[in-house]
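All residue numbers for the sequence shown refer to my numbering, where the first residue is 18 and numbers rise by one.
Glycine included, every Cβ here is placed at the ideal spot set by N, Cα and C.
Fair warning: this is a prediction, and the values are worked out from it, not measured in the lab.
Have a look at the structure below before the remarks.
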Amino acid sequence: MRNWFRNKKQKYKYISNPKFKSNKHNTAEEFLLNVDEENNRDAISDTAEIIKINWKENYKMKKKRKKDSNIHLQNNPEYVIELKNVFKSYPISRNEVTPILKGVDLKIKRGEFVILFGKSGSGKSTLLNIMSGLDRANHGDVIVENTNLPYLSNEELTKFRRRHVAFIFQQYHLLNNITGYENVETGLILQKHKDRKNFNIKKAFEEFDLLDVIDKYPSQMSGGQQQRISIIRALAKNADIIFADEPTSALDKKTGVAVMELLRKINQEKGTTIVMVSHDPDVIQYANRKIFLNKGTIINDEKVR
Ligand code: ADP
Ligand code: MG
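Set out below in structure tokens:
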């Protein structure tokens with residue numbers, strides 16, 4: 018694939034084309050949305066709360082929020098992420114929803130390394146998706162980088178993510194039909210500062226001890242190698258905020274530690290804000306702040322360093 022294209026941009030355009038179907042998840046931005054739905058399509062638990070709702074209301078929740086005076090709210094200069102009384106329900110049928118987030122208030126400063134804890138099903142991923150613009154809150158404000166996200170259309174959310182955030186997922190989500198090197202290149206192409214496009218991919222592979230897989234495809238790599246590449250991709254993108262959903266839970270202990278050390282290094286050296294979901298108490302030592310979520314509300318929020 019490397020030689021088919023005249024330049025990287027052209028190649029990326031091709032990979033990003035929705036008609037390009039040789040991979041299950043085909044575009045760097047679109048696949049995040051699809052993947053996420055897949056992650057979330059867990060069976061609804063028997064104990065889940067179910068609320069009847071008018072189908073028109075239910076339908077409306079899928080769309081961007083109607084304009085009102087809050088649309089122009091910006092961050093207090095101290096914060097980069099501010100959530101105010103955020104509610105989120107998922108539709109489970111035409112006229113039923115299940116409430117997941119029930120009034121979340123949260124403020125995160127630039128440069129913080131925050132870990133979200135909570136039992137499985139407590140709404141951690143949902144909260145992360147809402148903060149990162151992968152999904153929209155039904156109620157409340159979600160102001161990130163001076164943008165109130167629930168008011169954005171899908172296209173605007175895509176642009177927002179492209180410009181401001183990078184993702185690291187539990188299942189890596191590398192593009193399978195391109196090599197390690199090319200996967201990192203996709204991050205570089207999405208890089209927002211033109212003058213910083215000189216990220217040295219080869220050097221990063223060397224630094225993370227990945228040179229032997231630089232030209233291999235994800236299927237030829239171990240989980241740890243794929244996860245480290247997905248982190249280099251996030252680094253190459255040079256985003257303001259990195260969102261990570263259980264980035265170490267598919268890795269063995271040693272690789273998990275290496276990944277956490279890498280994240281801490283990025284946070285400390287570049288001042289990148291990191292919001293990470295985990296259920297492993299051992300990762301607390303890497304963060305500045307731990308937040309516990311239970312049944313869709315924050316029950317504890319502490320500084321750790
Ligand atoms: P966590 O990441 O803490 O395990 P999630 O945020 O993934 O929790 O999910 C919280 C609850 O919301 C779970 O009970 C899950 O089944 C439900 N859920 C998540 N996504 C969806 C969805 N798209 N539709 C319906 N229910 C969902
Ligand atoms: Mg989750």
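Proximal residues to residue i (C-beta, below 6 Å), its chain only, five neighbours per side dropped
i: A154; result: V103, K105, I147 and P167
i: I283; result: T289
i: R127; result: V97 and T290
i: N57; result: Legend: pLDDT at N57 = 40, less than 50; position of this residue unreliable, value from coordinates given subsequently. Around N57: no qualifying Cβ.
i: P108; result: N75 and V114
i: F222; result: L228 and I231
i: F225; result: R245
i: G204; result: R250, A253 and K254
i: A261; result: I185 and M293
i: M78; result: N155
i: I160; result: L90, N92 and E99
i: Y303; result: M277 and R281
7 Å Cβ shell around residue i - same chain, five flanking residues per side excluded
i: I246; result: L191, G197, N200, V201 and L227
i: N87; result: D158 and N165
i: I301; result: I132, K307 and V321
i: V121; result: L100, V103, L144, T314 and I315
i: E95; result: K126
Strand pairing of residue i, partner residues [DSSP]
i: T314; result: N311
i: T290; result: I258
i: E319; result: K307
i: I67; result: The partner list for I67 (beta bridge, DSSP) is empty, contrary to what the question assumes.
C-alpha gap between residue i and residue j, whole angstroms
i: L279; j: N165; result: 30 Å
i: E319; j: G135; result: 14 Å
i: T265; j: V131; result: 15 Å
i: Y76; j: F186; result: 29 Å
i: I117; j: G313; result: 5 Å
i: I315; j: N217; result: 40 Å
i: S142; j: K219; result: 32 Å
i: L151; j: R281; result: 24 Å
i: E162; j: N92; result: 7 Å
i: R111; j: S137; result: 26 Å
i: N305; j: T272; result: 21 Å
i: F84; j: L90; result: According to the sequence shown, residue 84 is Lys rather than Phe. Rounded to whole angstroms, K84 to L90 spans 12 Å at the Cα level.
i: N311; j: N317; result: 9 Å
i: L123; j: N71; result: 30 Å
i: E286; j: K69; result: 49 Å
i: N40; j: S295; result: In this prediction, N40 has a pLDDT of 43, which is less than 50 and means its spatial position is unreliable; nothing more can be read from the coordinates.
i: H156; j: E129; result: 25 Å
i: Q237; j: K73; result: 47 Å
i: D297; j: Q188; result: 16 Å
i: L50; j: S149; result: Residue placement at L50 is poorly supported in this model, since its pLDDT is 40, which falls under 50; the coordinates still yield a value, given next. Distance between the alpha carbons of L50 and S149 is about 11 Å.
i: D257; j: K176; result: 14 Å
i: H181; j: I259; result: 9 Å
i: N193; j: K119; result: 37 Å
i: K270; j: E263; result: 13 Å
i: V274; j: N215; result: 28 Å
i: P235; j: D299; result: 28 Å
i: I248; j: A183; result: 9 Å
Contacts around residue i, its chain only, beta-carbon distance under 8 Å, and the 5 residues preceding and following it disregarded
i: L268; result: G240, G241, Q244 and V276
i: A60; result: Note on A60: pLDDT 49, under 50, position unreliable in the model; no value is reported.
i: D232; result: T196, G197 and Y198
i: K81; result: R153, P167, Y168, L169, S170, N171 and E173
i: E66; result: T115 and P116
i: S139; result: L310, N311, K312 and G313
i: K38; result: Residue placement at K38 cannot be trusted, given a pLDDT of 46 that sits under 50; what the coordinates show is reported in the next sentence. The answer is none, since no qualifying residue turns up.
Whole alpha helix (DSSP H) elements within the segment 94-179, 4-residue minimum
141-148
Ignoring anything shorter than 4 residues or poking outside the segment 182-235, list the alpha helix (DSSP H) runs there in chain order.
197-206 and 218-224
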